[in-house]
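In the working numbering, the protein residues as written are 8 to 140.
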């Protein structure tokens, strides 16, 4: 970065779209892995699965600087978790309906909402957003 303190130019649109698609793919992977881990190693697996989801959502926010950076991995996470929880016509299903699964579903959704509503960090050289300064 130069000594002027200016932020680098915004990346091209194709790069931003690729980043969001990559984040969505990571959301699918984290959702699938979390679905398996939370049931296998309860209760520590549940904590690990939720921490992984939170890290992905928060990392997407910080990497892109936009709420869409949270929405993209959250959409992949939700799609993955819902597909795995639907079960099959034969009666096979990944989730058995216990308390851990409910905490995983609602906890992951709550983490995504919390990360999406976080405020962005102020940019250097910009105003603080407060009146009178």
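Note that the Cβ used here is the ideal one computed from N, Cα and C, for glycine as well. Remember, it's a predicted structure, so these values are computed and weren't measured experimentally.
- When DSSP states are grouped into helix, strand and coil, residue 125 belongs to the coil group.
- When the alpha-carbon of residue 117 is set against those of 105, 91, 92 and 85, the nearest one is in 85.
- Taking C-beta separations shorter than 7 Å and ignoring five residues to either side along the sequence, the partners of residue 71 in its chain run 26, following chain order.
- Boundaries of the alpha helix (DSSP H) harbouring residue 45: 20 to 47, taken from the DSSP string.
- With contacts defined as CB atoms closer than 8 Å, residue 62 and residue 44 fail to qualify as a contacting pair.
- Beyond the five residues adjoining it in sequence on each side, residue 78 comes within less than 7 Å, by CB distance, of 123 in the same chain, given in chain order.
- Looking from the CA of residue 42, the closest CA among 121, 113, 125 and 17 belongs to 113.
- DSSP places residue 108 in the helix class (H, G or I) of the three-state scheme.
- For residue 94, there is no enclosing alpha helix (DSSP H), since its DSSP letter is neither H nor E.
- In summary, residue 96 is exposed, with fewer than 16 beta-carbon neighbours lying within 10 Å of its beta-carbon over all protein chains present.
- With a cutoff of 8 Å on beta-carbon distance, residue 51 and residue 125 are scored as not near each other.
- Selection 106, 34, 47 and 18 evaluated against residue 88 yields 34 as nearest (Cα-Cα).
- Proximity to residue 76 across 29, 111, 104 and 47 peaks at 29, based on C-alpha coordinates.
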